[in-house]
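Here the structure comes first, spelled out in structure tokens, and everything after it is commentary.
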Amino acid sequence: MFSYKSRYCVAAAMAAMAALTGHVEARDIDLQSIGYFQFSPLPPTLVAQTDTLLLSDSPEYVGPVGGTLSAGTINGNGRIYFYHVNEMDQPHKIAIVLENQTAYPNTVHVMRQLKSVATPDYFAAGRDLSRKDLEQPLNESPNARPLYSLSIPPQGRKLIFSDLEQTPVYQDALFTGIVDIKTEAPVFARVMMLPMGIDAVDASHWAKNLPIDEIQLRGTYTGSKRNMEVTTPFDTALGGAFVEIGNDREDMFINGVDEIQNKAFVRDRGNYGVSYTLKIPTKGNEPFRLYFNPLGGPYSGSFTVKALHQQGARRGQTDTRTYHIGGADGISALGDGTILDSRIMGNYNAGDLLTLNFMPAGASNLPIRFLLIPESLANPQKHQTIAVNVPKDVKDSLGHPTQGTTQIPVGPIGGKDSNKGTVDTTKSTLTPSKQAENIAHEETKKLSDKAAAEAKKEAQLKKSKEAEETLARKKAEEAKLAAEKAEMARKAAEAKHAEIERKMAEKAEADRKAAELKAAQEAQAAKEKAALEAKKAEEMRQAEEAKRIEAARKAELERQAEEARKAEEVRKAELARIEAARKAEAERVEAARKAEAARIAAEERRLEEERRIEAARVEAARKAEEARKAAEAKARFEAQRAAEKAALEAKRAEEERLAAEAKARLEAQRKAEQEALEARRSEEARKAAEAKRAEEARKAEEARIEAARKAEQARLAEEARKAEQERLAAERAEAERQAVEARRIAEERYQAHLEAERKAEAARQQALAQAEIERKAKERAEAIQRVKEQQENARRRAELARQQIEAERKAAQAAKTGPSFNELDDIHEDTPNVTIPNAVSIDELTKPRPTASQNTRRRDQRQPQVPQDQQYVQVNPMPTAPVAPLAPQNEQQNEEQNPPRIYPLG
Numbered sequence: 000m001f002s003y004k005s006r007y008c009v010a011a012a013m014a015a016m017a018a019l020t021g022h023v024e025a026r027d028i029d030l031q032s033i034g035y036f037q038f039s040p041l042p043p044t045l046v047a048q049t050d051t052l053l054l055s056d057s058p059e060y061v062g063p064v065g066g067t068l069s070a071g072t073i074n075g076n077g078r079i080y081f082y083h084v085n086e087m088d089q090p091h092k093i094a095i096v097l098e099n100q101t102a103y104p105n106t107v108h109v110m111r112q113l114k115s116v117a118t119p120d121y122f123a124a125g126r127d128l129s130r131k132d133l134e135q136p137l138n139e140s141p142n143a144r145p146l147y148s149l150s151i152p153p154q155g156r157k158l159i160f161s162d163l164e165q166t167p168v169y170q171d172a173l174f175t176g177i178v179d180i181k182t183e184a185p186v187f188a189r190v191m192m193l194p195m196g197i198d199a200v201d202a203s204h205w206a207k208n209l210p211i212d213e214i215q216l217r218g219t220y221t222g223s224k225r226n227m228e229v230t231t232p233f234d235t236a237l238g239g240a241f242v243e244i245g246n247d248r249e250d251m252f253i254n255g256v257d258e259i260q261n262k263a264f265v266r267d268r269g270n271y272g273v274s275y276t277l278k279i280p281t282k283g284n285e286p287f288r289l290y291f292n293p294l295g296g297p298y299s300g301s302f303t304v305k306a307l308h309q310q311g312a313r314r315g316q317t318d319t320r321t322y323h324i325g326g327a328d329g330i331s332a333l334g335d336g337t338i339l340d341s342r343i344m345g346n347y348n349a350g351d352l353l354t355l356n357f358m359p360a361g362a363s364n365l366p367i368r369f370l371l372i373p374e375s376l377a378n379p380q381k382h383q384t385i386a387v388n389v390p391k392d393v394k395d396s397l398g399h400p401t402q403g404t405t406q407i408p409v410g411p412i413g414g415k416d417s418n419k420g421t422v423d424t425t426k427s428t429l430t431p432s433k434q435a436e437n438i439a440h441e442e443t444k445k446l447s448d449k450a451a452a453e454a455k456k457e458a459q460l461k462k463s464k465e466a467e468e469t470l471a472r473k474k475a476e477e478a479k480l481a482a483e484k485a486e487m488a489r490k491a492a493e494a495k496h497a498e499i500e501r502k503m504a505e506k507a508e509a510d511r512k513a514a515e516l517k518a519a520q521e522a523q524a525a526k527e528k529a530a531l532e533a534k535k536a537e538e539m540r541q542a543e544e545a546k547r548i549e550a551a552r553k554a555e556l557e558r559q560a561e562e563a564r565k566a567e568e569v570r571k572a573e574l575a576r577i578e579a580a581r582k583a584e585a586e587r588v589e590a591a592r593k594a595e596a597a598r599i600a601a602e603e604r605r606l607e608e609e610r611r612i613e614a615a616r617v618e619a620a621r622k623a624e625e626a627r628k629a630a631e632a633k634a635r636f637e638a639q640r641a642a643e644k645a646a647l648e649a650k651r652a653e654e655e656r657l658a659a660e661a662k663a664r665l666e667a668q669r670k671a672e673q674e675a676l677e678a679r680r681s682e683e684a685r686k687a688a689e690a691k692r693a694e695e696a697r698k699a700e701e702a703r704i705e706a707a708r709k710a711e712q713a714r715l716a717e718e719a720r721k722a723e724q725e726r727l728a729a730e731r732a733e734a735e736r737q738a739v740e741a742r743r744i745a746e747e748r749y750q751a752h753l754e755a756e757r758k759a760e761a762a763r764q765q766a767l768a769q770a771e772i773e774r775k776a777k778e779r780a781e782a783i784q785r786v787k788e789q790q791e792n793a794r795r796r797a798e799l800a801r802q803q804i805e806a807e808r809k810a811a812q813a814a815k816t817g818p819s820f821n822e823l824d825d826i827h828e829d830t831p832n833v834t835i836p837n838a839v840s841i842d843e844l845t846k847p848r849p850t851a852s853q854n855t856r857r858r859d860q861r862q863p864q865v866p867q868d869q870q871y872v873q874v875n876p877m878p879t880a881p882v883a884p885l886a887p888q889n890e891q892q893n894e895e896q897n898p899p900r901i902y903p904l905g
């Protein structure tokens, strides 16, 4: 830190330049030397999250054709955030179309619309939108006037953010922006990338939905505005502290649904498109500094810090300043490859309430930290300073006027003059704030008196000081002029952006014609060579196109095969269901048959019992008849004539009785048999009817399945026909494009050859990098395997030692007679301790650390993607040397200084 007296002018010049340009000072701090890894965490708490966010960042790289990138429903206050790279040869545009799917008119108010520059520098695009978000804040008051409003009729569609129609996105350029709207009823919003000149509203009817990529950053979320607050105030007396944002722990990522994919679950890893309001209360007796510290990787964006003074003469007043990380401060992004980078974001007094506003910048990485460091800890020159509110008419020791809050040095600590400039407060009963204010007033008075005395002694130095002041003012003025010129240049550049792009297109056409004229004037040998190179380039392009067409064909065949497989599975399932129903019906019929057989057997048993009873009755009647005949014979002896007459009459009566009984018995048997026959016939008819119904149902089901199969085949054939027509149309369009491009191949042949060599070299480098990554991963796996083997060997040695000790103990017991309890004890003082040296657990080797990021590299420069289910797996390769155990303190410091890197999503 600069000395207050010797370097006042330089510090004033730097402060003036920073105030005029609005950029943070390039003042890094050695975090390790001040105990960065011992800072206390101040976890933030979520207070509220409101409004709808429609995120469009997947697919991030759009190509080979455009289409619908994201879509979702917004009801009430909502925001649309898009972030895409054009990977197609021709320039395209971003279009946002709203659809009213209700039966009533719907009014939509557009409150704010922002767009970044379209550039291949991803950090520049994300940084530009982050800056504009703070320079043009959203007016959230109930009476806020919209930029414009539009009424959408029932089932109608309308375009918003029409400025995007005139903003071409060229190949490999990143383009990002946001739109804040307010609706009176639900509205369905679509974000599309379309060729220039195409009507967006018309295209919204036929544009295809592009598939989501592996990053999965799109969908509809709740929480485009997030308010967070640190509940525990930062105390300057307790040392350094930090507030961490975007870590998915205290600050959770928001969840949503992708309405294009049947409302599939998605997650905004990084909370991109979310506006943060973070409040940090403070307390204590010492001023402090606020630093920005990127933790997850490179970061380039803007922040606004509001300090509400709650003590001193400026109580109730608010200071606001915006800080920009990256760009004009000489770096592209902060925190590339380290977690110890930092940028100062102002000096503040204890008791100030800090409010930070920002939106996570596109292309940057999370999490991030805000460091709060007391002045006594942050100041490398052991000077104690007091932040006081000095009146504007008070001058410092050099005669310069002070401005509001001023850092006044009390004196060096521990030196000879350590007692100078101090106030004894041991006996004071005033509060710390009053003591600090009294000290400040006394110091101000002393400094004023000292300034008057020193003014006479420094008469000879006044001229040199005035020269230095003049130089400082001149530098400040030059900085101001430079800032004004830069601002004017930026505004002029933005105003002429559309005109420059149009002129670029005209210039490109003129250059093409000039190149064609120049190519026509070349020598015949050069033309032949050019034709050969053009032929090679065309062959390469045709080969690539053939590969692309073949890949598309294979994908279509795979899709058709998958649909056919699914249809076959459905058919098989239906046949299985029918077979199960048939089996169930057969089982039911068999059960009915068995029941009928049991009934018939019971009926036969009943009839047999009746026949037995009847035979017994006949036998009894026969015996009675014999007895009667014996009586008659006896009676004949008594009275033959009377007996004969009686016998004849009895015989006739008996014959009549027997005939009547036989007739009744036969009639009953006939009726029973007839009833049984009727029952069997009705049962057989019922069974036949049921079998007929089952057969008809089976035939109807088979007919339905056959009709469904034929309909599915017809649908597949129709889709194949349409796909073939689209392919033919695409081939015709491609042929027309080739015919158009053939005119400019002559001037592009050499550039194409160089580009092919460059891509081949890049592919080779990427292959080498991939091979290196695989080699390191293999080495890490081998190291883990070695550790496992070491642990297994240690366990085996321990088991052998235990077995040996057990054997020795048993031998000792067998050798002795009448052993005592002490002798039977298998634990002795001379038993060696079995330990496992250098044991390291697998969990310790694979400890995860979560991060979140958007892409900061082009597709050909990005590292291989981590699968979604392994997004937080540590990818640091294991060293080939043997693993040595780490002390807890060294292990923690090693993890903090060299955190596990996670490749940016996408």
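Count the sequence shown with numbering that gives the first Met the number 0 and you get residues 0 to 905, in order.
Where is the CB? At the ideal position from N, CA and C, for every residue including glycine.
Is it a yes or a no for the region 165-184 touching the region 110-124, going by three-plus beta-carbon pairs under 8 angstroms? yes
Asn378 by DSSP, collapsed to three states: which one? coil
Name the residue from Ala199, Phe264, Phe187, Gln520 whose alpha carbon lies nearest to the alpha carbon of Arg217. Phe264
Option in Leu277, Phe369, Gly296, Val273 with minimal Cα separation from Glu243: Phe369
Taking only the alpha-carbon atoms, compute the straight-line gap between Ile804 and Ala813 and give it to the nearest angstrom. 14 angstroms
Go ahead and label Thr235 buried or exposed: buried means 16 or more other beta carbons lie within 10 angstroms of its beta carbon, across all protein chains shown. buried
Go to Ser55, then tell me how far its beta strand (DSSP E) extends in each direction, as first and last residue. 43-55
Run through the DSSP bridge pairs and tell me what His752 is partnered with. Note: His752 sits in no beta bridge, so no partner.
With distances taken from CA atoms, which of Thr101, Gly238, Glu59, Gly75 is nearest Glu86? Glu59
Please list the terminal residues of the continuous beta strand (DSSP E) segment that includes Tyr290. 287-293
Can you find the residues in the same chain that come closer than 7 angstroms, C-beta to C-beta, to Lys535, ignoring five residues on each side of it along the sequence? none
Can you tell me the Cα-Cα spacing of Glu586 and Arg669, whole angstroms? 34 angstroms
In whole angstroms, what is the alpha-carbon distance linking Gln864 and Glu771? In this prediction, Gln864 scores a pLDDT of 47, lower than 50, which makes its location untrustworthy; the coordinate-derived value is nonetheless stated afterwards. Whole-angstrom Cα-Cα distance: 15 angstroms.
Looking only at its chain, what residues have a beta carbon closer than 6 angstroms to the beta carbon of Ala240, apart from the 5 residues adjacent to it on each side? Phe38, Ser39, Leu41, Phe233, Leu371
Option in Ala529, Asn105, Asp56, Glu613 with minimal Cα separation from Ile910: No statement about residue 910 is possible, as the shown extent of the chain runs from 0 to 905 and does not include it.
From Lys157, Arg742, Ser203, Glu653, pick the residue whose C-alpha is nearest to that of Arg627; which is it? Glu653
Validate contact between the region 491-499 and the region 719-727 using beta carbons, cut 8 angstroms, 3 pairs: no
Taking only the alpha-carbon atoms, compute the straight-line gap between Ala690 and Gly255 and give it to the nearest angstrom. 55 angstroms
Taking the CB atoms as reference points, tell me whether Asp50 and Ser223 lie closer together than 7 angstroms. yes
When the Cα atoms are used, what is the spatial distance from Val168 to Ala360? 20 angstroms
Using CA coordinates, which residue listed in Glu666, Gln712, Ala699 is at the minimum distance from Leu574? Ala699
What did DSSP end up calling Phe252 once you bin it into helix, strand or coil? coil
Using the C-alpha atoms, what's the distance from Glu537 back to Gln737? 10 angstroms
Tyr121 - DSSP class collapsed to helix/strand/coil: helix
Do you know offhand how far Val617's Cα is from Arg635's? 26 angstroms
Secondary structure at Ala172, three-state DSSP: helix, strand or coil? coil
For the alpha helix (DSSP H) containing Glu243, name the first residue and the last one. Looking at the DSSP string, Glu243 is not in any alpha helix (DSSP H); the run it does join, the beta strand (DSSP E), is 240-244.
Can you check whether the CB of Ile33 is closer than 7 angstroms to the CB of Leu480? no
Report all residues from its chain with a CB closer than 7 angstroms to the CB of Asp257; omit the five preceding and five following residues, and keep chain order. Ile211, Arg217, Gly218, Ala263, Val265
Under 8 angstroms: do the region 284-297 and the region 92-108 share three or more Cβ pairs, one atom per stretch? no
I'd like the span of the alpha helix (DSSP H) that includes Ile612, first residue to last. 523-637
Using 10 angstroms around the beta-carbon of Val913, count the other beta-carbons present and answer buried if the total reaches 16, otherwise exposed. With the chain covering only 0 through 905, there is no way to say anything about residue 913.
Local conformation of Thr469 per DSSP, three classes: helix
Could you give the distance in angstroms between the alpha-carbon of Lys709 and the alpha-carbon of Ala554? 23 angstroms
Output the distance between the C-alpha atoms of His83 and Arg144, rounded to the nearest integer angstrom. 30 angstroms
Go to Val109, then tell me how far its beta strand (DSSP E) extends in each direction, as first and last residue. 105-114
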